[in-house]
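Residue numbers (my numbering): 56 to 386. Read the structure below first, then the notes.
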């Protein structure tokens, strides 16, 4: 009897151990499955949070524009300097009858051109998913409605478009690259300070400069607050000749016409000369009046071709202008 009871007890103990073991084994897959599910859910949520989404921004003209999450076919005519700066390639690039922005071609080589006035048919042919317009005048009348039928169209407006820093920041905002745009500007200021210090070691901070453009036999001088004028006077601290101040005060554009006789009045130390007439004779340069300009007589005339960045504005253009000035002055 004792032996029989002993066997029963051992059997019960065995059954109990097996039951506990099976229960434990059965619970592990469920626990692991739950943990994995939680991790997957967390990963999916994190991915969804980080992924760009379509945003609605209000442009300078009051249009509420739905900006695609990841625009890949952008047209931003004459704003390509900003796109290149932010690492973005447009689907088409600005052009006029006599050329393109050649200083950007290291980054835009092979990108098809589109006429500066953005014909509707041409814009449509590129199938853009975002159009960025600089000035309100480009979309006057019914033009905005036409462009917005082709793709979401954002107008920067003249106030922003006339200031390359504001333009870069706004395009950075539109493309969800605001932090990148700000970092570029911070780095730009550091670079400008470095170049200014190098130039000052030669000029002592007192030498004057001017930028002249020769095209179709006529001379033009840059205003003091835009393009190469801003770089020379505001960024690098070169002195501004009185003639430049006088013309800039009444300027209606970036470059103002100036007579050869007026140029001769300019007692300037350094003359940066953009020659668009190179190869066609440049007869104006043979005039004795031109030869009498101090910078010309003293060998401080630095010539650049129309393919240079001196006629433009933006981070890429300005950095190239700074490099040209530094190479010219700092031997």
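C-beta: ideal position from N, C-alpha, C; glycine also.
Would you grab the beta carbon distance between residue i and residue j for me? Rounded to a whole angstrom, and I think it's under 8 Å.
| i | j | result |
| --- | --- | --- |
| residue 374 | residue 246 | 7 Å |
| residue 315 | residue 344 | 5 Å |
| residue 292 | residue 260 | 6 Å |
| residue 129 | residue 185 | 5 Å |
| residue 362 | residue 158 | 7 Å |
| residue 136 | residue 286 | The pair is not a contact, with the Cβ atoms about 14 Å apart (cut-off 8 Å). |
Please state if the CB of residue j and the CB of residue i are separated by a distance shorter than 8 Å.
| i | j | result |
| --- | --- | --- |
| residue 223 | residue 240 | yes |
| residue 393 | residue 108 | In the structure as shown, the chain starts at 56 and stops at 386, and residue 393 therefore has no counterpart that could be examined. |
| residue 49 | residue 366 | Nothing in the structure corresponds to residue 49, since the chain is present only between 56 and 386. |
| residue 312 | residue 275 | yes |
| residue 258 | residue 384 | yes |
| residue 270 | residue 309 | no |
| residue 162 | residue 146 | no |
| residue 148 | residue 169 | yes |
| residue 175 | residue 150 | no |
| residue 209 | residue 318 | no |
| residue 300 | residue 279 | yes |
| residue 250 | residue 381 | yes |
| residue 207 | residue 143 | no |
| residue 268 | residue 337 | no |
| residue 326 | residue 350 | yes |
Hey, how far is the Cα of residue i from the Cα of residue j?
| i | j | result |
| --- | --- | --- |
| residue 114 | residue 360 | 37 Å |
| residue 333 | residue 244 | 34 Å |
| residue 164 | residue 303 | 35 Å |
| residue 252 | residue 377 | 12 Å |
| residue 74 | residue 110 | A caution first: residue 74 carries a pLDDT of 48, below 50, which makes its placement in the model too unreliable to give a value. |
| residue 193 | residue 201 | 12 Å |
| residue 386 | residue 215 | 37 Å |
| residue 191 | residue 220 | 18 Å |
| residue 348 | residue 321 | 7 Å |
| residue 97 | residue 167 | At residue 97 the pLDDT is 48, less than 50, meaning the model places this residue with poor confidence; the figure from the coordinates comes in the next sentence. Distance between the alpha carbons of residue 97 and residue 167 is about 44 Å. |
| residue 102 | residue 153 | With a pLDDT of only 47 at residue 102, under the threshold of 50, the placement of this residue in the model should not be trusted; the figure read from the coordinates follows. Cα to Cα, the separation comes out at about 48 Å. |
| residue 188 | residue 372 | 20 Å |
| residue 117 | residue 295 | 39 Å |
| residue 76 | residue 126 | Legend: pLDDT at residue 76 = 43, less than 50; position of this residue unreliable, no value from coordinates given. |
| residue 122 | residue 197 | 21 Å |
| residue 335 | residue 180 | 36 Å |
| residue 273 | residue 379 | 23 Å |
| residue 177 | residue 234 | 33 Å |
| residue 354 | residue 256 | 20 Å |
| residue 182 | residue 368 | 28 Å |
| residue 205 | residue 232 | 24 Å |
| residue 195 | residue 352 | 49 Å |
| residue 364 | residue 160 | 11 Å |
| residue 238 | residue 254 | 25 Å |
| residue 236 | residue 358 | 32 Å |
| residue 288 | residue 339 | 27 Å |
| residue 242 | residue 290 | 13 Å |
Who does residue i pair with in a DSSP beta bridge?
| i | result |
| --- | --- |
| residue 110 | 122 |
| residue 326 | 265, 356 |
| residue 185 | 129 |
| residue 273 | 270 |
| residue 210 | 188 |
| residue 150 | 155, 170 |
| residue 294 | 263 |
| residue 310 | 277 |
Taking 7 Å as the line, does the beta carbon of residue i fall inside it for any heavy atom of the ligand ZN?
| i | result |
| --- | --- |
| residue 162 | Looking at this structure, you won't find the ligand ZN or any other ligand, since it has none at all. |
(message) Tell me whether the segment 221 to 235 and the segment 264 to 275 touch, counting them as touching only if at least three CB pairs, one residue from each stretch, are closer than 8 Å.
(response) no
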